[in-house]
Amino acid sequence: MNIIETALKLVKTENPFQALEKTGLGDVFVGYGRNLTDNPITTGEAAFLLLGDIERALDYFLEYTPEWNELSEENRSQMLADRVRDMNEVYDA
1 MNIIETALKL VKTENPFQAL EKTGLGDVFV GYGRNLTDNP ITTGEAAFLL LGDIERALDY
61 FLEYTPEWNE LSEENRSQML ADRVRDMNEV YDA
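With my numbering as the guide, the letters of the sequence shown map in order to residues 1 to 93.
The following block contains the structure:
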């Protein structure tokens, strides 16, 4: 095991995965202890997350839209973009 793999293992052991945690001081943590308050995500990390959202949207359409492959590429692209926006929309309760 190399030093990066060992470090990953140690961090994951010491900081169990949490989708989102807010401390009493207002700090926000995600994943394996990533402090978003002091260390916000980069545009590269945001692009990586967006790709995952698009893949989930595609999986949704492949499962629930039998005519998906018959649609034009333009329509499929727009549907994916719309679905991703819907998945990430913040609604007031």
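Glycine residues also receive a C-beta, built at the ideal position from the N, C-alpha and C atoms.
The structure displayed is predicted, hence computed values, not measured ones.
Around the C-beta of Ala57, 16 or more other C-beta atoms lie within 10 Å, and the residue is accordingly described as buried. If you ignore the 5 residues before and after Trp68, its C-beta comes within less than 8 Å of the C-beta of Phe61, Leu62 and Arg76, all in its own chain and listed in chain order. Per DSSP, the unbroken beta strand (DSSP E) holding Leu20 starts and ends at Gln18 to Lys22. Residue Val84 holds the alpha-carbon nearest to the alpha-carbon of Gly52 among Val84, Pro16, Gln18 and Val11. Restricting attention to Pro66, Glu70, Glu55 and Tyr64, the CA atom closest to the CA of Leu80 is found in Glu55. Contact between Phe17 and Gly31 holds, with the beta-carbon distance rounding to 6 Å and staying under 8 Å.
When DSSP assignments are scanned along the region 43-81, the uninterrupted stretches of alpha helix (DSSP H) that are 4 or more residues long and fall wholly within it turn out to be 43-64. Straight-line measurement puts the Cα of Asp59 at about 29 Å from the Cα of Leu36.
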